[in-house]
Amino acid sequence: MGQDTARQRLIEAGEELYAEAGVGRVRLRELNALAGVRNDSAVHYHFGSQDGLLEAILQTHLYEIGARVDATTAILCTGRDGSPEALRDAIAALAIPFAEKLRDERGRRFIRIVAQVWGRIGDWQQQRFIPSSALAMDLIRRSARGLPAAVLEERMWLITRFVVSSFAARAENQDAVVDGIVLDEFVYDVVGMATAAYFAAPPEGGFWPEKWPAVREG
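To convert, take the position in the sequence shown, counting from 1, and add 36; that gives the working numbering.
This is the structure we're talking about:
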């Protein structure tokens, strides 16, 4: 582990255990054992609770990512009019800083944790930790404004989850890479798929193909 303090050791132990076992499935004694702390109340002392430890893990990495998002959104999003190319660049501005975490083990564990908690713990939102991400999200909205508002918001939610989940899948097993696709190619491909998803035809009157069976209820 890195810096040898009880707090830092607990953060790194949390990264490992939450990534491998899953958030909400780790016991305090497991955290303490891996961190090498003897005080049973160490997590409460340093973080208040396991939720506090989880937030500290997120903040540890998102502080670094936030600085990179500031830079990428300034380059790719500032002063842009909405367009398909601008939409793709906005996705890339958000995706690239997260993808850089895939280059080392701690970063890969962080990505796996993020995929578990994205939007599911309290009011955890990307913009809470990375305010500059709002610039990229605004550009996405302006670039896809032909979509009905409800459809656009749902796609933004689902497509963001797709990108994060794709990175987590890559993080889980670095050896399971199809045809040896390198990281830059992988990120470019994920951004391309995410961009294309915004331009799929939205559901409108009479949208259901006649040959499709109806979705069953119950």
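Note that beta-carbon positions come from the ideal geometry of N, C-alpha and C, so glycine has one too.
message: Excluding the 5 residues flanking residue 159 on each side, which residues of the same chain have their C-beta closer than 6 Å to its C-beta?
response: Counting from 1 along the sequence shown, the entry for residue 159 is found at position 123. A caution first: residue 159 carries a pLDDT of 41, below 50, which makes its placement in the model too unreliable to give a value.
query: Less than 9 Å separating the beta-carbons of residue 154 and residue 197?
result: Indexing the sequence shown from 1 puts residue 154 at position 118. Indexing the sequence shown from 1 puts residue 197 at position 161. When the beta-carbon positions are compared, residue 154 and residue 197 come within less than 9 Å of each other.
query: Looking at the unbroken alpha helix (DSSP H) that takes in residue 106, where does it start and where does it end?
result: Here the question's residue 106 lines up with position 70 in the sequence shown. Per DSSP, residue 106 belongs to the alpha helix (DSSP H) from 86-112.
task: Classify residue 143 as helix, strand or coil using the three-state DSSP reduction.
output: If you number the sequence shown from 1, residue 143 lands on position 107. Helix, per DSSP.
field: Buried versus exposed, by CB contacts within 10 Å (16 or more), residue 38
entry: The count along the sequence shown starts at 1 and reaches residue 38 at position 2. The pLDDT assigned to residue 38 is 45, lower than 50, so where the model puts this residue is not dependable; a value taken from the coordinates is nonetheless given after this. By the 10 Å Cβ count, residue 38 comes out exposed.
- prompt: Considering only the beta carbon of each residue, do residue 92 and residue 50 sit closer than 9 Å?
  reply: Looking up residue 92 in the sequence shown gives position 56. Looking up residue 50 in the sequence shown gives position 14. It is a contact, given that the beta carbons lie within the stated cut-off.
- prompt: Any idea if residue 143 is buried or exposed, counting beta-carbon neighbours within 10 angstroms, 16 or more meaning buried?
  reply: Taking the first residue of the sequence shown as 1, we reach residue 143 at position 107. Flag for residue 143 reads buried.
query: Can at least three beta-carbon pairs, one atom from the segment 119-139 and one from the segment 100-109, be found at a separation below 8 Å?
result: Yes, the segment 119-139 is in contact with the segment 100-109.
message: Here's a check: name, in chain order, each residue in its chain whose Cβ is nearer than 8 Å to the Cβ of residue 241, leaving out the five neighbours to either side.
response: For the purposes of this step, residue 241 is taken as the residue at position 205 of the sequence shown. Contacts found: none.
message: With H, G and I counted as helix, E and B as strand and the rest as coil, what does DSSP make of residue 219?
response: Position 183 of the sequence shown, counted from the start, is the residue given in the question as residue 219. Taken through DSSP and simplified to helix, strand or coil, residue 219 comes out as helix.
message: I'd like to know if the segment 109-128 and the segment 167-185 are in contact, where contact means that at least 3 CB-CB pairs between them fall below 8 Å.
response: Enough Cβ pairs lie closer than 8 Å, so yes.
query: Does the beta-carbon distance from residue 148 to residue 71 come in below 9 Å?
result: In the sequence shown, residue 148 corresponds to position 112, counting from 1. In the sequence shown, residue 71 corresponds to position 35, counting from 1. Taking 9 Å as the cut-off, the beta carbon of residue 148 is found no closer than this to the beta carbon of residue 71.
task: On a CA-only basis, which of 195, 101, 64 and 184 is nearest residue 88? Give me that one, please.
output: On the sequence shown, residue 88 is found 52 positions in, with the first residue counted as 1. Comparing Cα-Cα distances from residue 88 to each of 195, 101, 64 and 184, the minimum goes to 64.
field: CB of residue 255 within 9 Å of CB of residue 55, strictly
entry: Since the first residue of the chain shown is 37 and the last is 254, residue 255 is not available in this structure.
- request: Determine, using beta carbons only, whether residue 176 comes closer than 9 Å to chain D.
  value: Given the protein chain composition of this structure (a single chain), no chain D is represented.
- request: Would you check if the distance between the CB atom of residue 128 and the CB atom of residue 200 is smaller than 9 Å?
  value: Looking up residue 128 in the sequence shown gives position 92. Looking up residue 200 in the sequence shown gives position 164. For residue 128 and residue 200, no; Cβs fall outside 9 Å.
field: Status (buried if at least 16 other CB within 10 Å, exposed otherwise) for residue 109
entry: Within the sequence shown, residue 109 is the residue found at index 73, counting from 1. Label assigned to residue 109: buried.
Reduced DSSP category for residue 40 - H, G, I as helix; E, B as strand; rest coil: As a working mapping, residue 40 is identified with position 4 in the sequence shown. Three-state result, residue 40: coil.
- prompt: Using the rule of at least 16 other Cβ atoms within 10 Å of the residue's Cβ for burial, across every protein chain shown, is residue 223 buried or exposed?
  reply: Here residue 223 refers to the residue found at position 187 when the sequence shown is read from its first residue. Buried, since its Cβ has 16 or more Cβ neighbours within 10 Å.
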